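Comments concern the structure below.
In this note's numbering, the protein residues as written are 2 to 102.
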């Protein structure tokens, strides 16, 4: 009877050891998979951060170019207004001279 109990206990112990080994293997597999996924996510985040930086740089360059173009157009507009005013003065002067004749 004792021998049977000891045999059953030994079998149960072996089953527990087997279950623990299986759980350790599964835990190791899950840990490895999660580590790989975390690495992939870090790499994806780094790539996204680099893309955001590149887009920010492009946006800044476009803003600078637009600001320069706006300044150029403002200068051209001011020059056109000045030229128009000079032409108006010239026309007015010619009209006055014409009126004097």
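Every residue, glycine too, gets a C-beta built ideally from N, C-alpha and C.
Treat the numbers as computed from the prediction; the structure is a model and nothing was measured.
I need the DSSP call for residue i, collapsed to helix, strand or coil.
| i | result |
| --- | --- |
| residue 102 | coil |
| residue 57 | helix |
| residue 2 | coil |
Starting from the C-beta of residue i, find all residues in its chain whose C-beta is less than 6 angstroms away, skip the five residues before and the five after it, and write them out in chain order.
| i | result |
| --- | --- |
| residue 44 | none |
| residue 23 | none |
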